[in-house]
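Here our numbering is used: position 76 in the sequence shown is 107, and no number is missing along the way.
Note that CB positions come from ideal geometry on N, CA and C, so glycine has one too.
Just below is one structure, and these are the notes that go with it.
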Amino acid sequence: MREFFQRHRPAFLAFFGLTVPLFLLYVHGRSPRKTTVVEVALMKVTSPVQRAASRVMRGLTDIWDGYVALVDVHEENERLHDEIGLLKEHADRASQLELENQQLREMLDFKRERPELVTVGAHIVGKDVSPYARVLRIALDVGDGTVREDMPVIDSDGVVGRVHRVAGDVAEVMLLVDARSTVNVKVFGKRVIGT
């Protein structure tokens, strides 16, 4: 018999730890009366078990709340990370638009300062990947034959190159830095002409 109680001791303790307080609640709830000596003794015996169970439950609740809070923090961290990526994209796009806007302003100012020049707008759509040639492909704003081979290509800083080939509204520009490129120049103030 003793071996049976030893083997099932945790079950008996749990049973008595739960049933005795429930029994006391039942007895107290029936009718108000004085506390008996048996009730006082039972309260003194069961209160340490109740306190321990309360501490364990409070600890488990704190651990669970901490875990749930960590899950929420992880989800919020991922959401904020995605938001940061989106904001970086917007910032990059704004920087690119600002740079493009500045370049367009410079070109417009250049055109206003040099009204004698007949200009056609274009933008770069590709470049030659050969290490021996420095050629850009540009898309012209007009494709009516206004742009012809060997015409100069300029930006707000000056001469960039010359039109190498034209096909409708697309042209290839040989840059000044290309080894095959030549440009006639005149040294200002000395009236010297060279290539």
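Distances from the CA of L55 to each of I169, E70, G152 were compared; the closest alpha carbon is that of E70.
Comparing C-alpha distances from R193 to each of R145, R168, K217, D113 shows the shortest one belongs to R168. Going by beta carbons, V166 and L206 fall inside the 8 Å limit.
Going by C-alpha positions, V184 is about 23 Å away from V223. When E137, F46, H195 are compared, the shortest CA-CA separation from A164 is found for H195.
Of the residues H39, M74, E34, M32, the one whose Cα lies closest to the Cα of T50 is M74. Here the C-alpha atom of Q81 lies approximately 14 Å from the C-alpha atom of A72. For the pair P52 and T77, the CB atoms are nearer than the 8 Å cut-off. At least 8 Å separates the beta-carbon of G199 from that of G220. Between V178 and A210 the beta-carbon gap is near 24 Å, outside 8 Å, which marks them as no contact.
Using a Cβ distance threshold of 8 Å, D103 and M138 do not count as a contacting pair. Taking C-alpha positions only, E120 is separated from R89 by approximately 46 Å. Residue pairing by DSSP places K158 opposite L167 in a beta bridge. Spanning the alpha carbons of Q134 and V214 requires a straight line of approximately 25 Å. Here R196 carries a strand assignment [DSSP, helix/strand/coil]. Around the beta carbon of A153, a 10 Å sphere encloses 16 or more other beta carbons of the protein chains shown; the residue is thus reported as buried. With a 10 Å radius around the Cβ and a threshold of 16 neighbouring Cβ atoms, V190 comes out exposed.
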